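A.B. asks: Below is the structure I would like to discuss, written out as structure tokens.
Residue numbers (the UniProt record's numbering): 1 to 448.
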């Protein structure tokens, strides 16, 4: 009978969706952070339960192919689960995760090699730092609100380190309090930064419960940061985990920054949704456009369209694009982005895709090509049923979850579609996240 504190030697056979190694111990799973499949490791047990065990990696006795030295000094940060796996092995793992998810549903098709980054560091254009009394500024540890101070982060834009340092210095110099979430006291809660990959513009958002004193000193300090185009105070006086409040006060510069994707311009506000990795977003969307096979005369649906990024990519090659999104603010951004780019063949609708698509179909608007990019849970059954009735010539499915993708693909194949190909795209290097773009074609069976 094993006990906490005991040392055991085990073989790791797979990974959880959070990147922890899984071994077997006395008939139950043992989860070990930073242990890789194919490894023999020595583990100190930290928790022993009837159905599972947790352990701390002590020593790698036999290393997996692709193991490397951890590139991050902030070992407790839960952000990058695959830091000890080299990048070629990460690419292979993500492709295999997609293959396995398809196989679990009895599906197979041509699966491309993972579309990877040339330089898989400093790719995130949005950073959200928590602030706690001290002041301490950093990221939350895995599965907790325990703060891990982090000045330098290999996946964030390098300028974030300078901003963090200047905010901390300002708080210390002028005794500006940090928020204590347990006591619901203090002022500064979070620090958010957004970068324009191509424009070079920087937005800094200071999140506080109320207006702090000595803001002029912070404005003067951050005004020296190269590229700063927008400095905003966001007021969030509520309890809970929500980062941003509804009130924004412009302290310096302009209320939005601008960035571009494949020549298209996008205005980004503090509350805008915008892809975190713009370099790979271009890779992903170009592949989606290629698979859509547009010839200039098609009506296209972009479902779960967000701020209209995919829709605007598609609109350059289609007759008309209808974008559907349930978040009204995102649709407002989509319409503004279409106007910003002088694109007039897009129509954006507010509503749930599973309700709006049937409405459009009943009104006589039928898409020849459909692109779907749903949340992790996948598409609602009502939407899949409408797609089967509409019978688009081509259906491009963009997914952030191989398991829900495979489930939906299985349904669509039974309804009359054929799965032509699927390709993983690495949007978040060093994490377990797998983005996929898949192509289905209608095979001409009778409408359901």
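Backbone N, C-alpha and C define an ideal beta-carbon position, used for all residues, glycine too. Because the structure is a prediction, the values reported are computed rather than measured.
#1: Let me make sure I understand the geometry here. Which of 411, 9, 37 and 250 has the alpha-carbon closest to that of residue 16?
#2: Cβ of residue 117 within 7 angstroms of Cβ of residue 425?
#3: Using C-beta distances below 7 angstroms, list every residue in its chain close to residue 272, excluding the 5 sequence neighbours before and after it, in chain order.
#4: For residue 370, I'd like the list of residues in its chain whose CB is within less than 6 angstroms of its CB, leaving aside the five on either flank, ordered along the chain.
#5: For the 8 angstroms Cβ check, are there 3 or more pairs between the segment 95 to 115 and the segment 37 to 53?
#6: Considering just the uninterrupted stretch of the alpha helix (DSSP H) at residue 95, what are its terminal residues?
#7: Taking Cβ to Cβ, would you say residue 228 is nearer than 7 angstroms to residue 251?
#8: Between which two residues does the beta strand (DSSP E) harbouring residue 129 extend?
#9: Taking Cβ to Cβ, would you say residue 167 is nearer than 7 angstroms to residue 187?
#10: Can you say whether residue 79 is buried or exposed, counting buried as having 16 or more other CB atoms within 10 angstroms of its CB?
#11: Is the distance from the Cβ of residue 324 to the Cβ of residue 366 below 7 angstroms?
#12: Residue 274 bridges to which residues according to DSSP?
#13: Can you list, in chain order, the residues of its chain with a C-beta nearer than 7 angstroms to that of residue 352? Leave out the 5 residues immediately preceding and following it.
#14: Would residue 405 and residue 386 be called neighbours here (beta carbons separated by less than 7 angstroms)?
#15: I'd like to check one pair, residue 133 with residue 180: are the Cβ atoms closer than 7 angstroms?
#16: Which runs of the beta strand (DSSP E) at least 3 residues long sit entirely within the segment 228 to 273? Give them in chain order.
#17: If we call anything under 7 angstroms between Cβ atoms a contact, is residue 206 one with residue 244?
#18: Counting Cβ pairs closer than 8 angstroms, one from the segment 213 to 226 and one from the segment 282 to 289, do we hit at least three?
#19: Measure the C-alpha to C-alpha separation of residue 213 and residue 61 and round it to an integer number of angstroms.
#20: Using only the alpha-carbon positions, how far apart do residue 101 and residue 22 sit?
#21: Along the chain, where does the beta strand (DSSP E) containing residue 192 start, and where does it finish?
#22: In chain order, what residues of the same chain have a beta carbon less than 6 angstroms from the beta carbon of residue 97, not counting five sequence neighbours either side?
#23: Within the chosen definition, does the segment 123 to 130 reach the segment 147 to 156 through at least 3 CB pairs nearer than 8 angstroms?
#24: My guess is that residue 33 and residue 20 are in contact by the Cβ rule of under 8 angstroms, so how many angstroms apart are they, rounded?
#25: When burial is assigned at 16 or more other CB atoms within 10 Å of the CB, is residue 94 buried or exposed?
#26: Is it true that the CB of residue 414 sits closer than 7 angstroms to the CB of residue 441?
#27: Pull the bridge partners of residue 53 from the DSSP assignment, please.
#28: Count the other C-beta atoms from every protein chain shown that fall within 10 angstroms of the C-beta of residue 241, then say buried if there are 16 or more, exposed otherwise.
#29: Give the secondary structure of residue 458 by DSSP, where H, G and I count as helix, E and B as strand, and everything else as coil.
#30: Quick check: what's the CA-CA separation for residue 335 versus residue 390?
#31: Residue 24: buried (16+ other C-beta within 10 angstroms of its C-beta) or exposed?
#32: Whose CA, out of 43, 289 and 66, lies closest to the CA of residue 59?
#33: Using a Cβ-Cβ cutoff of less than 8 angstroms, which residues in the same chain neighbour residue 2 once the five nearest sequence positions on both sides are dropped?
#34: Since residue 221 is in the alpha helix (DSSP H), which residue starts that stretch and which ends it?
#35: Taking the continuous beta strand (DSSP E) assigned at residue 9, which residues delimit it?
#36: Taking the alpha-carbon positions, what's the residue 18 to residue 303 distance?
C.D. replies: Short version:
#1: 37
#2: no
#3: 307 and 333
#4: 301, 392 and 395
#5: no
#6: 87 to 104
#7: no
#8: 126 to 132
#9: no
#10: buried
#11: no
#12: None, per the DSSP bridge assignment.
#13: 326
#14: no
#15: yes
#16: 228 to 235, 247 to 253, 257 to 261 and 264 to 268
#17: no
#18: no
#19: 55 angstroms
#20: 18 angstroms
#21: 188 to 195
#22: 402 and 434
#23: yes
#24: 5 angstroms
#25: buried
#26: no
#27: 30 and 48
#28: exposed
#29: Any question about residue 458 goes unanswered here, given that the chain covers just 1 to 448.
#30: 26 angstroms
#31: exposed
#32: 43
#33: 8, 25, 26, 45, 48 and 53
#34: 215 to 222
#35: 7 to 15
#36: 28 angstroms
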